[in-house]
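In what follows, a single structure is set out as structure tokens and then discussed.
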Amino acid sequence: MERDWVALAKAIRRAREAAGMTQADLAEKAGIAVGSVQNLEAGRARNRIPQSLAKVESALGWAVGSGVTILQGLAGPVTMEPIGGGRAIARIPADEAEGAVKDALLAVADNLTAREIRELAKAITDELKGRGLL
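Here this note's numbering is used: the first residue of the sequence shown is -5, the next is one more, and so on.
Listed below in structure tokens is the structure:
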């Protein structure tokens, strides 16, 4: 399976910059060398997934396995937000949730038009946003 190292590099860089961190800040938070962050953000293809990826995921607040999911082209990073009591909730981008809802509706709805499926997917996504789940 092809891995999209460039997509992973972009996702890490975007998340790091959105958090206001330098590469050195991220390296320190992840407990890895700055060179490891630089290598991940370079987007060069590798034969194996570096051990530093899991540490970077955690430092960025991503769910375990988010980096591999990005490498496989399946989705963007899933962030974990603390909700108290040592628990956290996973958050996925709203556009990805809406796409997943559309795909699910297509799989089960034989008699719906494309427009009806889009409207249902938007309504479901809006409801999830309203509940703070997206």
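Idealized CB from N, CA, C, for every residue including glycine.
Nearest-angstrom beta carbon gap, residue j and residue i [assumed within contact, 8 Å]
i, j, result
"alanine 36", "alanine 3", "6 Å"
"glutamate 51", "glycine 61", "5 Å"
"leucine 100", "isoleucine 118", "Contact doesn't hold; Cβ gap of about 13 Å is too wide."
Residue i - partner residues in DSSP beta bridges
i, result
"arginine 132", "Nothing can be reported for residue 132: it is not among the residues displayed for the chain, which extend from -5 to 128."
Proximity of residue i and residue j at Cβ, strictly below 8 Å
i, j, result
"alanine 130", "glutamate 90", "No answer is possible for residue 130: it lies beyond the span of the chain, which begins at -5 and ends at 128."
"alanine 108", "leucine 54", "no"
"alanine 115", "valine 95", "yes"
"alanine 5", "isoleucine 64", "yes"
"arginine 39", "valine 28", "The sequence given here has alanine at residue 39, not arginine. In this structure, valine 28 does not lie closer than 8 Å to alanine 39 by Cβ."
"alanine 1", "glycine 67", "yes"
"alanine 98", "lysine 123", "no"
Neighbourhood of residue i by C-beta distance below 6 Å, restricted to the same chain and skipping five residues each side
i, result
"serine 46", "Ile26 and Ser30"
Outcome for residue i when other beta-carbon atoms lying within 10 angstroms are tallied against a minimum of 16
i, result
"threonine 16", "exposed"
"glutamate 121", "exposed"
"leucine 34", "buried"
Beta-carbon contacts of residue i that lie in its chain and below 7 Å, excluding the five residues immediately before and after
i, result
"isoleucine 77", "Ile83"
"alanine 18", "Val28"
Beta-carbon proximity list for residue i, same chain, < 8 Å, skipping 5 on both sides
i, result
"tryptophan -1", "Gly37, Arg38, Ala39, Arg40 and Leu65"
"glutamine 32", "Gln17"
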